[in-house]
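> My numbering puts the sequence shown at residues 5 to 276. Here it is, the structure, as structure tokens.
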Amino acid sequence: MCILHNLSYRLDAEVPTRYRQLEYHTRNAHTEKSSTSCFSNKSDKMMNNNYDCPLPEEEANPKGSSWLYHSDAVRTYLNLMGKSKKDATLEACAGALQNLTASKGLMSSGMSQLIGLKERGLPHIARLLQSGNSDVVRSGASLLSNMSRHPALHRVMGNQVFPEVTRLLTSHTGNTSNSEDILSSVCYTVRNLLASQPQLAKQYFSSSMVNNVVNLCRSSSSPKAAEAARLLLSDLWSSKELQAILRQQGFDRNMLGALAGANSLRNFTSRF
Numbered sequence: 005m006c007i008l009h010n011l012s013y014r015l016d017a018e019v020p021t022r023y024r025q026l027e028y029h030t031r032n033a034h035t036e037k038s039s040t041s042c043f044s045n046k047s048d049k050m051m052n053n054n055y056d057c058p059l060p061e062e063e064a065n066p067k068g069s070s071w072l073y074h075s076d077a078v079r080t081y082l083n084l085m086g087k088s089k090k091d092a093t094l095e096a097c098a099g100a101l102q103n104l105t106a107s108k109g110l111m112s113s114g115m116s117q118l119i120g121l122k123e124r125g126l127p128h129i130a131r132l133l134q135s136g137n138s139d140v141v142r143s144g145a146s147l148l149s150n151m152s153r154h155p156a157l158h159r160v161m162g163n164q165v166f167p168e169v170t171r172l173l174t175s176h177t178g179n180t181s182n183s184e185d186i187l188s189s190v191c192y193t194v195r196n197l198l199a200s201q202p203q204l205a206k207q208y209f210s211s212s213m214v215n216n217v218v219n220l221c222r223s224s225s226s227p228k229a230a231e232a233a234r235l236l237l238s239d240l241w242s243s244k245e246l247q248a249i250l251r252q253q254g255f256d257r258n259m260l261g262a263l264a265g266a267n268s269l270r271n272f273t274s275r276f
């Protein structure tokens, strides 16, 4: 598993044919949908980020690098994640899937949908966040952060992983070597999912979770996680629907500005 994990690193750069197939299918889907609308001018960025990415036909007997992103391989990783009790195996499987979803292009979208929708792997990934091994938690949190960038997955992720992600953001003590990576990934996942489903905050946010995010913003020892927390707070405050959560904690605009920072407040619409 560790070897497959390493082989899947930056795989999108190794298989340009895969990229071209995904781009071709996505552009066709985009053309068909936009031709029925009076608003047909969509940017490439919008297409890449917001369109369901149809997966091209798979090889019946994959060989070489084709096997690394085949649904059989993904299914194997997920099955092992659901059954194995070995931390090294869990980390390697999640790490391989993390690599497959790491890019910001069409391959990441396609692989994320394969994992989350076709193979229904989200419950197995959410289970990793409960591990007592911080390496396993980090791999699971990073994978969910990658997948959360794709709106096609937001609804199912809101139902299947948001409760576990917010639990981790509430309870994680930040005293492990991987805490900064874990907390930054969790903040980005929450931020991305709230962008399309703000109602999730009303159901799953707690005062202790918001306080943890605020404390994380003030952390000088975890700059990466602090920036992710500031962006999350900026988004919460920018939404009228979510402002009440922060007001209940005694925050006003001036206080939030001091926590989030001017750059974060100006750029709150950007996504990880």
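No residue lacks a Cβ here, since even glycine has one placed at the ideal position from N, Cα and C. Remember, it's a predicted structure, so these values are computed and weren't measured experimentally.
1) Can you tell me the Cβ-Cβ gap for residue 363 and residue 73, rounded? I've got them flagged as a contact below 8 Å.
2) If you measure between the beta carbons of residue 198 and residue 240, is that distance less than 9 Å?
3) What number of angstroms, rounded off, separates the C-alpha of residue 146 from the C-alpha of residue 256?
4) Could you tell me the distance, in whole angstroms, from the CA atom of residue 117 to the CA atom of residue 234?
5) Alpha carbon to alpha carbon, what distance is there between residue 98 and residue 176?
6) Relative to the C-alpha of residue 85, which candidate in 132, 252, 108 and 77 has its C-alpha closest?
7) My output table needs one value for residue 63: the three-state DSSP class, helix, strand or coil.
8) What whole-angstrom Cβ distance do residue 106 and residue 150 have, given they're in contact under 8 Å?
9) Of the residues 78, 229 and 161, which one's Cα is nearest the Cα of residue 204?
10) Quick one, which of 163, 210, 182 and 224 has its alpha-carbon nearest residue 140's?
11) Should residue 112 and residue 154 be called a contact, given that it needs their Cβ atoms to be closer than 9 Å?
12) So for residue 139, helix, strand or coil by DSSP?
13) In three-state terms, what does DSSP make of residue 123?
14) Can you tell me whether DSSP reads residue 87 as helix, strand or coil?
15) Pick out whichever of 168, 135, 92 and 89 has its Cα sitting closest to the Cα of residue 126.
16) Mapping the DSSP letters down to three states, classify residue 201 as helix, strand or coil.
17) Nearest by alpha-carbon distance to residue 192: which of 163, 236, 62 and 208 is it?
18) Can you tell me where the alpha helix (DSSP H) with residue 166 in it begins and where it stops?
19) Per DSSP, what kind of secondary structure is residue 96 in: helix, strand or coil?
20) Can you list, in chain order, the residues of its chain with a C-beta nearer than 8 Å to that of residue 143? Leave out the 5 residues immediately preceding and following it.
21) Mind checking which residues open and close the alpha helix (DSSP H) that includes residue 219?
22) Would you tell me roughly how many angstroms separate the C-alpha atoms of residue 245 and residue 207, rounded to the nearest one?
23) Distance check for residue 122 and residue 114, CA to CA, integer angstroms please.
24) Helix, strand or coil for residue 257, going by three-state DSSP, please let me know.
25) Would you report the Cα separation of residue 163 and residue 63, rounded to the nearest angstrom?
26) Do you know offhand how far residue 189's Cα is from residue 170's?
27) Return the chain-ordered list of same chain residues with a C-beta closer than 8 Å to the C-beta of residue 247, the five sequence neighbours on each side being excluded.
Once the coordinates are examined:
1) No statement about residue 363 is possible, as the shown extent of the chain runs from 5 to 276 and does not include it.
2) Yes; because the gap between Cβ atoms is below 9 Å, this pair is in contact.
3) Each residue's Cα considered, the two are about 32 Å apart.
4) Roughly 29 Å between the two C-alpha positions.
5) Taking the straight line from one Cα to the other gives about 20 Å.
6) Nearest C-alpha to residue 85: 132.
7) Residue 63 falls in the coil class under three-state DSSP.
8) Indeed, because the Cβ distance is near 6 Å, the residues count as touching under 8 Å.
9) The option with the nearest alpha carbon to residue 204 is 161.
10) The option with the nearest alpha carbon to residue 140 is 182.
11) Closer than 9 Å, so yes.
12) In this structure, residue 139 counts as helix in the three-state DSSP scheme.
13) Three-state result, residue 123: coil.
14) Residue state, collapsed to three classes: helix.
15) Nearest to residue 126 by C-alpha distance, out of 168, 135, 92 and 89, is 168.
16) Of the three classes helix, strand and coil, the one that applies to residue 201 here is coil, per DSSP.
17) Cα-wise, what sits closest to residue 192 is 236.
18) Segment 166-175, the alpha helix (DSSP H) holding residue 166.
19) Residue 96 falls in the helix class under three-state DSSP.
20) These residues qualify, in order along the chain: 94, 95, 98, 99, 102 and 132.
21) Element bounds for residue 219: 211-221.
22) Roughly 13 Å between the two C-alpha positions.
23) Using only the alpha carbons, I get a separation of about 10 Å.
24) Here residue 257 sits in helix by DSSP.
25) Their backbone Cα atoms lie some 32 Å apart in a straight line.
26) Using only the alpha carbons, I get a separation of about 12 Å.
27) Here residue 247 has 240 and 241 as same chain residues with Cβ atoms under 8 Å from its own Cβ, once five neighbours each way along the sequence are excluded.
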